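2 protein chains.
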Amino acid sequence: MAFEKVKRSDNYSEWYNNLVKNADLAEHSAVKGCMVIKPYGYAIWEKMQRQLDDMFKETGHVNAYFPLFVPKSLFEKEEKNAEGFAKECAVVTHYRLKANPDKPGQLMADPDSKLEEELVVRPTSEAIIWNTYKNWIQSYRDLPILINQWANVVRWEMRTRLFLRTAEFLWQEGHTAHASKEEALVETKKMLDVYAEFAENFMAVPVIKGVKTENERFAGADDTYCIEGMMQDGKALQMGTSHFLGQNFAKAFDVKFQSKEGKLEHVWATSWGVSTRLMGALIMAHSDDEGLVLPPKLAPIHVVIVPVYRSDEDLEKIKQAMKPLSAQLKQAGLTVKFDDRDTYKPGFKFAEWELKGVPVRLAVGMRDLESQSVEVSRRDTKEKFVVPMSDLQARILTLMDEIQTNLFDRAAQYRAEKMHVVNTWDEFLVAINEKEGFAFAHWDGSGETEEKIKELTKATIRCIPMDQASETGVCILTGKPSQGRVVFAKAY
Amino acid sequence: MAFEKVKRSDNYSEWYNNLVKNADLAEHSAVKGCMVIKPYGYAIWEKMQRQLDDMFKETGHVNAYFPLFVPKSLFEKEEKNAEGFAKECAVVTHYRLKANPDKPGQLMADPDSKLEEELVVRPTSEAIIWNTYKNWIQSYRDLPILINQWANVVRWEMRTRLFLRTAEFLWQEGHTAHASKEEALVETKKMLDVYAEFAENFMAVPVIKGVKTENERFAGADDTYCIEGMMQDGKALQMGTSHFLGQNFAKAFDVKFQSKEGKLEHVWATSWGVSTRLMGALIMAHSDDEGLVLPPKLAPIHVVIVPVYRSDEDLEKIKQAMKPLSAQLKQAGLTVKFDDRDTYKPGFKFAEWELKGVPVRLAVGMRDLESQSVEVSRRDTKEKFVVPMSDLQARILTLMDEIQTNLFDRAAQYRAEKMHVVNTWDEFLVAINEKEGFAFAHWDGSGETEEKIKELTKATIRCIPMDQASETGVCILTGKPSQGRVVFAKAY
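Protein sequences, first through last, are from chains U and F.
Just so you know, my numbering puts 344 at position 296 of the first sequence, and the rest follows in order with no gaps.
Just so you know, my numbering puts 303 at position 255 of the second sequence, and the rest follows in order with no gaps.
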């Protein structure tokens, strides 16, 4: 391929940027901080969307759509939420452009179209949605409301990275309303489980489920649950969050319901979301120095067939010979690409499909037709082996499962190697700075200590893991008593 | 149901608003001009999306995503396009809010966050996309580019109607780039055909394919093709447009390619879109005084089973008896709802599902289990008939086809009754004002005459139909010569 490769070991960050660009996933746009998601990148996102959407629907949720804009007076209502997002809000102030009298050919915001009230471009939709739910909820019979929205949101960012941190991004946001605290808590955790299942079984990325500390909580939540994945450089990436919002939004927007017992009570809420950030996690968890590596369950193309030929006649023979296989694989739910572009040579095509992470590649020449066998390449392990034509379909189908499993196992293994249980400050520094991984450590539970550790090491508490045996100990920094270990790491 | 019904014959416009609200399709939001699409309405939109998306992909298109914002300097570049949309643009001028020192608890746009260059919230994406294509296109090998985007857009509107005209709406916009004029023209017409097929075969709405007059053309297009449907009140609704953009955007954004012959040439372009407006068309084309009527191909629920019972034991028996049928219908691709809510009586449920347009309803009581037969109701004709349990599955499947066909035929018939071929001004007035329909009339081809007719009658030229025998005549208003008939109508 006509581009320079960057090795992970040389510069992980540059490797990532280079890969996103060269595999045609996304690029920066003319709008500061906003990205263009290119067709190949978008095809992967669509696969994620479709799967998540099915999982949301299976758990009883429905989709809806709420406005892009939030009037400032609504945005302000839940104070913590407003305070948390105010610094990154795009603000619409005018609704018309007019010719600029001083600059021919140019337009300007028409001063006569100034809005009485500014509109915030949604950074998240709790405010506009709870203002709407207010009219939908009178009685316990109207509950629960289990709604999800697929949308774009804007959070102004100065330092952006494709997929990981952009001013505009695509996401889904679930917003549910419940009659009781218990039910809302069950929902919060249920959706965390859905996210964990998606991360592990579809993205092939093992995750730690946990609760955020108060410092890291969603603005307006009583508790934020999260899944955290480890990237190949040992850094953490928050892959999804599920918030227990208590009655905060119900109180801010005065949303009450009449209970079965006839009492007026505030409604309980959750919200939960994952975004195009998951694309960053997918890329960083599995890819290698040759390019993207995709788990079959999320690959837009599962199998690419590259014909090796000299004449148009040979090409046609190869094409015909591979038709039955393609048809069978398609029937089994796989997407097969026969790459018959005559503008590129096979070597170029091999490299290109490797770069794009297609799980299985077949190279088929005239000699293969004679011998009735085909060379199969696995993208994940780069193994090559020859398979008799008659076994090809079955072998490819099992390969899909093998690759999916191998990617998860590989990610679980590098994660295991970089998970360090530490008991002293020195061990902590070694784990974070030298071994570059996660540190399971005791912490005294104070926000100040957390802040101090962040200042000293750039490591933050990713979460208080949900699945751990209770264990007492002493804080690695202050020596004060601790009730359990938390996960520290540098994070994206 | 606990709402007042409005008859179409009494007030068609109020009937529509009432229906959209009571069938839980959409509602006005706290943001002026923006709507909330409620779950049931969104489920229909999702069905439309899925089908259209499949059709776009079958015709070789891929999806991608471009930024929500367009920098003003890019927006200005294609002058006609900019001029056409300038008056309805939401403008972002600041990227941060801060506490308002004069009003405790309130926020204000932070003056220090004023953008150097204003950002326009996309009213359509030609500008940002062609600025991007510029970097993607060097050679004829890079063409064609066949990209579609599903997105929200904003066109500020003072007078809004749910689905039909809202400040923010959801749509898809295809943006293609081609090496030749011929190829771009073929694409423009191909996508018009896709829209027509969708309208007729899925929405069950017959459409007229045609070309817009210069006055009605998309700002920045050389030609705008459209499909026009007729609503039950005889008014026209533009259901989709496909634009031949010539080289206008390529010239504005300096997008050139090296041809096979080695020459540098400007790229040819098309764009095409349909929006949540289609929801309005779907509602107005088929629904009746009892509520929504949905074609089976776009119905979120195909069959509702309402149990008629006195005891929980009976309910359980009915549920068990209907399970095999539900399973069979699901296997055949239908969505079946068993309405076992104990908070409502059967009569209420019948009215509710009628209001929501579910194509087929079954009412099942204990006597039906004994007689092994069930009462089936068709939503479109309101016919009721008893079907033996053993025939039920087959009968329901054929009913789906019958209802789909009947809705199209019915719409085609009322359209035929309101299509008037007229030759004089008086006939024209009768057709438009008294018979309230479409008028096929000769027109002298001038924008002035078109404008004049609009002033006099509120009727506009919906399109110059593509499928018509050539015929000369004289303009109904001016008596000047005409080369063919055009379609006049009042329009949404």
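Where is the CB? At the ideal position from N, CA and C, for every residue including glycine.
Computed from a predicted model, the values in this text were never measured in an experiment.
For the alpha helix (DSSP H) holding E566 (chain U), just list the boundary residues, first then last.
-> The displayed coordinates of chain U run from 49 to 540. Any statement about residue 566 (chain U) would go beyond what the structure contains.
I509 (chain F) and F536 (chain F) closer than 8 Å at C-beta | Yes, the Cβ-Cβ distance between I509 (chain F) and F536 (chain F) is below 8 Å.
Residues of the stretch 202-227 of chain F with a CB closer than 8 Å to any CB of chain U: list them in chain order, please.
-> Residues V202, W204, E216 and L218.
Skipping 5 residues on each side, what residues in its chain have a beta carbon closer than 6 Å to that of V68 (chain U)?
-> A74 and L210, listed in sequence order.
What does DSSP give as the partner residues of T318 (chain F) in its beta bridges?
-> DSSP lists F:T224 and F:F292 as partners of T318 (chain F).
Collapsed DSSP secondary structure at N67 (chain U) in the structure displayed = Here the sequence assigns Leu to residue 67 (chain U), which means Asn is not the residue at that position. Residue state, collapsed to three classes: helix.
Who does F488 (chain U) pair with in a DSSP beta bridge?
-> U:V469 and U:V535.
Contacting positions in the stretch 255-277 of chain U - beta carbon closer than 8 Å to chain F = Answer in chain order: no residues at all.
Taking all protein chains shown into account, decide if P407 (chain U) is buried (16 or more other Cβ within 10 angstroms of its Cβ) or exposed.
-> Classification for P407 (chain U): buried.
Those runs of the beta strand (DSSP E) which lie wholly inside the stretch 353-441 of chain U and span at least 3 residues | Every beta strand (DSSP E) of 3 residues or more that sits fully in the stretch 353-441 of chain U is shown, in chain order, as 384-386, 408-413, 421-426 and 432-436.
Is the Cβ of P115 (chain F) closer than 8 Å to any Cβ of chain U?
-> Yes, its Cβ sits closer than 8 Å to a Cβ of chain U.
With a Cβ-Cβ cutoff of 8 Å, do A247 (chain F) and H334 (chain F) count as a contact?
-> Using a Cβ distance threshold of 8 Å, A247 (chain F) and H334 (chain F) do not count as a contacting pair.
By how many angstroms is the C-alpha of L191 (chain U) removed from the C-alpha of K304 (chain U)?
-> Distance between the alpha carbons of K304 (chain U) and L191 (chain U) is about 11 Å.
So, is the C-beta of L100 (chain F) closer than 8 Å to a C-beta in chain U?
-> No, L100 (chain F) lies away from the interface with chain U (no Cβ there is under 8 Å from its Cβ).
Using a Cβ cut-off of 8 Å, pull out every chain U residue sitting near L167 (chain F), in sequence order please.
-> Near L167 (chain F) (Cβ distances below 8 Å), the residues of chain U are V79 and A138.
Counting only runs of 4+ residues fully inside the stretch 122-209 of chain U, write out the alpha helix (DSSP H) ranges in chain order.
-> Segments of the alpha helix (DSSP H) lying fully in the stretch 122-209 of chain U: 127-134 and 174-184.
Contact set for L212 (chain F): own chain, Cβ-Cβ below 7 Å, skip 5 residues either direction | These residues qualify, in order along the chain: R325, G328 and Y540.
Could you tell me which residues DSSP puts in a beta bridge with R443 (chain F)?
-> R443 (chain F) is not bridged to any residue.
Extent of the continuous beta strand (DSSP E) run through F104 (chain F) | Element bounds for F104 (chain F): not the beta strand (DSSP E) but the alpha helix (DSSP H), P87 to E106.
Assuming G277 (chain F) and V255 (chain F) form a contact by the criterion Cβ under 8 Å, report the distance between their Cβ atoms to the nearest whole angstrom.
-> That pair is a contact at about 5 Å.
Can you give me the Cβ contacts of R144 (chain U) inside the same chain, cut-off strictly under 8 Å, excluding the 5 residues immediately before and after it?
-> These residues qualify, in order along the chain: A157, D158, D160 and S161.
For the 8 Å Cβ check, are there 3 or more pairs between the stretch 339-350 of chain U and the stretch 222-229 of chain U?
-> Not touching, per the Cβ criterion.
Exposed or buried, which one is T180 (chain F) when buried takes at least 16 other CB atoms within 10 Å?
-> The residue in question, T180 (chain F), is buried, as its Cβ has 16 or more Cβ neighbours within 10 Å.
Could you tell me which of F:H490, F:L293, F:E503 and F:L410 sits nearest to Q531 (chain F), measuring between CA atoms?
-> From the listed residues F:H490, F:L293, F:E503 and F:L410, the smallest Cα separation to Q531 (chain F) is found for F:H490.
Three-pair Cβ contact test at 8 Å for the stretch 115-128 of chain U versus the stretch 351-366 of chain U | Judged by Cβ distances under 8 Å, the stretch 115-128 of chain U makes no contact with the stretch 351-366 of chain U, as fewer than three pairs qualify.
Starting from P251 (chain F), trace the alpha helix (DSSP H) both ways and give me its first and last residue.
-> Residue identity check: residue 251 (chain F) is Met in the sequence provided, not Pro. M251 (chain F): not part of any alpha helix (DSSP H); DSSP gives it neither H nor E.
Residues of chain F with CB under 7 Å from I195 (chain U), in chain order?
-> The contacting residues are P87.
Can you list, in chain order, the residues of the stretch 138-156 of chain U whose Cβ is nearer than 9 Å to any Cβ on chain F?
-> For the stretch 138-156 of chain U, the set of residues with a beta-carbon nearer than 9 Å to any beta-carbon of chain F comprises A138, V139, V140, T141, H142, Y143, R144, L145, K146, A147, G153, Q154, L155 and M156, in chain order.
Sequence-distant residues of its chain with Cβ nearer than 8 Å to M49 (chain U) (five each side left out) = Reliability fails at M49 (chain U), whose pLDDT of 48 lies under 50, so the model's placement of it is uncertain and the value that follows must be treated cautiously. Apart from sequence neighbours up to five positions away, the residues of its chain that approach M49 (chain U) with a beta-carbon distance below 8 Å are N70, F396, A399, E400 and L403, ordered along the chain.
Please go through the same chain and pick out, in chain order, the residues whose beta-carbon is closer than 6 Å to the beta-carbon of K430 (chain U), but skip the five residues on each side of it.
-> The same chain holds no residue with a CB closer than 6 Å to that of K430 (chain U) once the five nearest residues on each side in sequence are set aside.
In chain order, what residues of the stretch 346-362 of chain U put their CB closer than 8 Å to some CB of chain F?
-> Answer in chain order: no residues at all.
If we call anything under 8 Å between Cβ atoms a contact, is V352 (chain F) one with D387 (chain F)?
-> The answer is yes: Cβ separation under 8 Å.
Apply the 10 Å Cβ neighbour rule to A469 (chain F) and answer buried if 16 or more other Cβ atoms are within range, or exposed otherwise.
-> It is Val, not Ala, that sits at residue 469 (chain F) in the sequence shown. Around the beta carbon of V469 (chain F), fewer than 16 other beta carbons lie within 10 angstroms, which makes this residue exposed.
Chain F partners of I176 (chain U), CB-CB under 8 Å?
-> Here the neighbours are S77, A78 and V79.
What is the DSSP secondary structure of Y113 (chain U), counted as helix, strand or coil?
-> Three-state DSSP puts Y113 (chain U) in a strand.
Consult DSSP for K257 (chain U) and reduce its assignment to one of helix, strand or coil.
-> The three-state reading of DSSP puts K257 (chain U) in strand, counting E and B together.
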